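Chemist:
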Amino acid sequence: MKNIYFPRRKSLSRRTFLRTAGASLALPYLDAMRPAFSAESEAPQPKRMVGINVDLGFMPERFFPKQSGRDYELSPYLQPLSDLRDDFTVFSGLHHPGTGGLHAADVCFLTGATHPTRPGFKNTLSLDQRIAQEVGHLTRFPSLSLRVGPGSKSLSFTADGVPLPAIERPSDVYRLLFMNGSAEQVQNQMQRLRDGRSLMDQFGDEIQSLQSRVGNADSQRLQQYFDSLRELEKRLEIQEAWSQRSKPKVDAPMPQDNTSPGGLIPKTQMLFDMARLALETDSTRAITVLINEDFNPTVDLPGVNAPHHALTHQSSQQESADELARIETAQMNCLAELLRELRDVKENGVSLLDQTMVLQGSNIGNAARHDGLNLPVLLAGGGFKHGSHLSFDKKNNEPLANVFVSMLQNMGIEDESFSSSAGTMRGLET
Numbered sequence: 001m002k003n004i005y006f007p008r009r010k011s012l013s014r015r016t017f018l019r020t021a022g023a024s025l026a027l028p029y030l031d032a033m034r035p036a037f038s039a040e041s042e043a044p045q046p047k048r049m050v051g052i053n054v055d056l057g058f059m060p061e062r063f064f065p066k067q068s069g070r071d072y073e074l075s076p077y078l079q080p081l082s083d084l085r086d087d088f089t090v091f092s093g094l095h096h097p098g099t100g101g102l103h104a105a106d107v108c109f110l111t112g113a114t115h116p117t118r119p120g121f122k123n124t125l126s127l128d129q130r131i132a133q134e135v136g137h138l139t140r141f142p143s144l145s146l147r148v149g150p151g152s153k154s155l156s157f158t159a160d161g162v163p164l165p166a167i168e169r170p171s172d173v174y175r176l177l178f179m180n181g182s183a184e185q186v187q188n189q190m191q192r193l194r195d196g197r198s199l200m201d202q203f204g205d206e207i208q209s210l211q212s213r214v215g216n217a218d219s220q221r222l223q224q225y226f227d228s229l230r231e232l233e234k235r236l237e238i239q240e241a242w243s244q245r246s247k248p249k250v251d252a253p254m255p256q257d258n259t260s261p262g263g264l265i266p267k268t269q270m271l272f273d274m275a276r277l278a279l280e281t282d283s284t285r286a287i288t289v290l291i292n293e294d295f296n297p298t299v300d301l302p303g304v305n306a307p308h309h310a311l312t313h314q315s316s317q318q319e320s321a322d323e324l325a326r327i328e329t330a331q332m333n334c335l336a337e338l339l340r341e342l343r344d345v346k347e348n349g350v351s352l353l354d355q356t357m358v359l360q361g362s363n364i365g366n367a368a369r370h371d372g373l374n375l376p377v378l379l380a381g382g383g384f385k386h387g388s389h390l391s392f393d394k395k396n397n398e399p400l401a402n403v404f405v406s407m408l409q410n411m412g413i414e415d416e417s418f419s420s421s422a423g424t425m426r427g428l429e430t
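Spelled out as structure tokens, the structure:
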């Protein structure tokens, strides 16, 4: 790699350095990694998480129970989960302060980043990626990001605000998780990983050379970037080690992708199936699913005749509300089926659901008004003491990030804060 010309009297930012070097790397913040496959790092009963954002939300009057505590009556949307009542907690009175209820806030559901509609908005670290920093080296894939619907949105973001690409096609997820390449393909993959490590070495040499030619502040920035390169190199080493191990075998066949624009429900079901298989085979311990419907298709369900997004803005009309309820009930059925399947899988005699926190919610509290208060949130599994409706002030909401801190600590990550949190979630206990 050629040396980089650097004028002495100019400052050098990270972006300028990358542009001058002819490279563009979006690097996450990575905590120090322990060696992959080390016996002492394998927990006998690993914890996992799934974070799901339904970006058009749910009609509040059909989602939230009217009573709080353990003796609440299941709301219409919670009826599909009646047999799972003791396996989940439903929340009301939660929000992300400063995020708002516009559709642009969907990418902030697991970050809590504020003002997503402002020019120059930069997202922050997502919950799943904080978990991946701690346990991602223990599995083939540090995390898995999925999306129902077209586009490029994702729920997963690095500490630098860089989105991790989400996979839309269930067949692509299946190939990634379970299909081994030919010997030649595996060798090519290993060579690409080695090339990546070599590239890291080249960048590292350039950075160390530049550090002697800049001021203290820029030297510190370059050192931070150098450290991130070293951590990325460790990640590549782990990936290289995994590339030499066969992927798990499953009985499930490759799914046939649903290509209908209105195929919201079968697409959700298939991606949930892939998420379950990923957890069951311990291929990853952090999964996100963005259910992105703001492109406004008409959902393929009997009795639904208007576009999904439009229905959310017409829910004050009985006919539209009835159509919307068919869609949202079907979505809750998808969640219920995922939870049942996790419950029925046993890992060392323990239900996989008891080892997996499944968080489903939305960035919108009321889609008809684009309201960001009183978000519909449900947390299942993970070994928490469930069975309650935890109700908080509907006007002065509690931070949703409090739930995130409780989830992190349940993973064994002793963080005291995350995003806008004010501590752990009151009433949510293990």
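The sequence shown lines up with residues 1 to 430 when you count with full-length UniProt numbering. The beta-carbon is built from N, C-alpha and C at its ideal position, and this holds for glycine as well. Note that this is a predicted model, so its numbers are computed, not measured.
F64 and S92 - do their beta-carbons sit closer together than 9 Å?
Modeler: Closer than 9 Å, so yes.
Chemist: So does the stretch 148-163 actually touch the stretch 248-258, counting three or more Cβ pairs closer than 8 Å?
Modeler: Flag = no, the stretch 148-163 and the stretch 248-258 do not touch.
Chemist: Could you check how far apart the C-beta atoms of S388 and T99 are, in whole angstroms? I think they sit under 8 Å.
Modeler: About 26 Å; that fails the 8 Å criterion.
Chemist: Express the C-alpha separation of A278 and Q79 in angstroms, rounding to a whole number.
Modeler: C-alpha separation (whole angstroms): 27 Å.
Chemist: Taking DSSP as the reference, what is the three-state secondary structure of S417?
Modeler: Coil at S417, not helix or strand.
Chemist: Would L311 pass as a contact of L324 if the rule is Cβ separation under 9 Å?
Modeler: A contact, by the Cβ cut-off of 9 Å.
Chemist: Kindly indicate which three-state DSSP category S92 falls into: helix, strand or coil?
Modeler: In the structure shown, S92 sits in a strand (DSSP, three-state: E or B).
Chemist: Would you call the stretch 53-70 in contact with the stretch 357-370, where contact means no fewer than 3 C-beta pairs closer than 8 Å?
Modeler: The stretch 53-70 vs the stretch 357-370: in contact.
Chemist: Which runs of the beta strand (DSSP E) fall wholly inside the stretch 374-426 and span at least 3 residues, in chain order?
Modeler: Complete beta strand (DSSP E) runs here, min 3: 377-381 and 389-391.
Chemist: Cutting at 6 Å between CB atoms, please list the residues of its own chain near A321, excluding the five before and the five after it.
Modeler: So the qualifying residues of the chain are S315.
Chemist: By Cβ distance below 7 Å, which residues in the same chain neighbour K122 in space, the five residues on each side in sequence not counted?
Modeler: Closer than 7 Å at Cβ, skipping near neighbours: G161.
Chemist: From the DSSP output, in three-state form, read off V54 for me.
Modeler: It is a strand residue.
Chemist: Would you decide whether F404 is buried or exposed? Buried here means 16 or more other CB atoms lie within 10 Å of its CB.
Modeler: It is buried - the Cβ of F404 has at least 16 other Cβ atoms within 10 Å.
Chemist: Just verifying my parser: in three-state terms, what is the DSSP assignment at M59?
Modeler: Of the three classes helix, strand and coil, the one that applies to M59 here is coil, per DSSP.
Chemist: Use the C-beta contact count for D31: other C-beta atoms within 10 angstroms, 16 or more gives buried, fewer gives exposed.
Modeler: Low per-residue confidence applies at D31: pLDDT is 38, beneath 50, and the placement is therefore not dependable, though the value from the model is reported in the following sentence. So D31 ends up on the exposed side.
Chemist: Tell me the rounded alpha-carbon separation between S171 and S260.
Modeler: Cα to Cα, S171 sits roughly 15 Å from S260.
Chemist: Grab me the residues of A330's own chain with a C-beta within less than 7 Å of its C-beta, minus the 5 sequence neighbours each way, in chain order.
Modeler: Closer than 7 Å at Cβ, skipping near neighbours: I265 and L301.
Chemist: List, from N- to C-terminal side, the alpha helix (DSSP H) runs of 4 residues or more that fit wholly inside the stretch 290-314.
Modeler: Segments of the alpha helix (DSSP H) lying fully in the stretch 290-314: 308-313.
Chemist: Measuring straight from C-alpha to C-alpha, what distance separates K346 and A241?
Modeler: Taking the straight line from one Cα to the other gives about 28 Å.
Chemist: In terms of residue numbering, what span does the beta strand (DSSP E) encompassing L144 cover?
Modeler: Here the beta strand (DSSP E) through L144 covers L144 to V148.
Chemist: State the start and end residues of the unbroken alpha helix (DSSP H) segment that holds Q129.
Modeler: Element bounds for Q129: L127 to V135.
Chemist: Is K47 helix, strand or coil when you go by DSSP?
Modeler: Residue state, collapsed to three classes: coil.
Chemist: Rounded to whole angstroms, what's the CA-CA distance from R221 to G215? Just pull it up for me.
Modeler: So the alpha carbons of these two residues sit roughly 10 Å apart.
Chemist: Tell me the residue span of the beta strand (DSSP E) that contains L359.
Modeler: Element bounds for L359: T356 to G361.
Chemist: For my contact list, S419 and G112 are in at a C-beta cut-off of 8 Å; report their separation, rounded to the angstrom.
Modeler: The pair is a contact, with the Cβ atoms about 3 Å apart (cut-off 8 Å).
Chemist: Measuring CA to CA, which of P297, H95, R169 and C334 is closest to P399?
Modeler: Minimum Cα distance to P399 is reached at H95.
Chemist: The alpha helix (DSSP H) that contains N333, what's its start and end?
Modeler: Per DSSP, N333 belongs to the alpha helix (DSSP H) from Q318 to D344.
Chemist: Nearest CA to the CA of S68: which residue from A422, E416 and F392?
Modeler: Comparing Cα positions, the closest option is F392.
Chemist: Using beta-carbon positions only, say whether G372 and L110 come within less than 9 Å of one another.
Modeler: No. Outside cutoff.
Chemist: What does DSSP give as the partner residues of E347 in its beta bridges?
Modeler: Answer is V350, bridged to E347.
Chemist: Let me know the secondary structure DSSP gives P255 once reduced to three states.
Modeler: In the structure shown, P255 sits in coil (DSSP, three-state: anything other than H, G, I, E or B).
Chemist: With burial defined as no fewer than 16 other Cβ atoms inside 10 Å of the residue's Cβ, what is the status of A422: buried or exposed?
Modeler: Exposed.
Chemist: Evaluate residue 432 with the Cβ neighbour count: other Cβ atoms within 10 Å of its Cβ, from every protein chain shown; 16 or more gives buried, anything less gives exposed.
Modeler: The chain is shown only over 1 to 430; residue 432 falls outside these bounds and no answer can be derived.
Chemist: Specify whether the stretch 133-151 and the stretch 280-298 touch according to this definition: at least 3 beta carbon pairs, one from each stretch, less than 8 Å apart.
Modeler: Counting Cβ pairs under 8 Å, three or more are found: they touch.
Chemist: If you run the structure through DSSP and keep just helix, strand and coil, what is P163?
Modeler: P163 falls in the strand class under three-state DSSP.
Chemist: Would you tell me roughly how many angstroms separate the C-alpha atoms of R140 and M425, rounded to the nearest one?
Modeler: Computed Cα separation, rounded: 31 Å.
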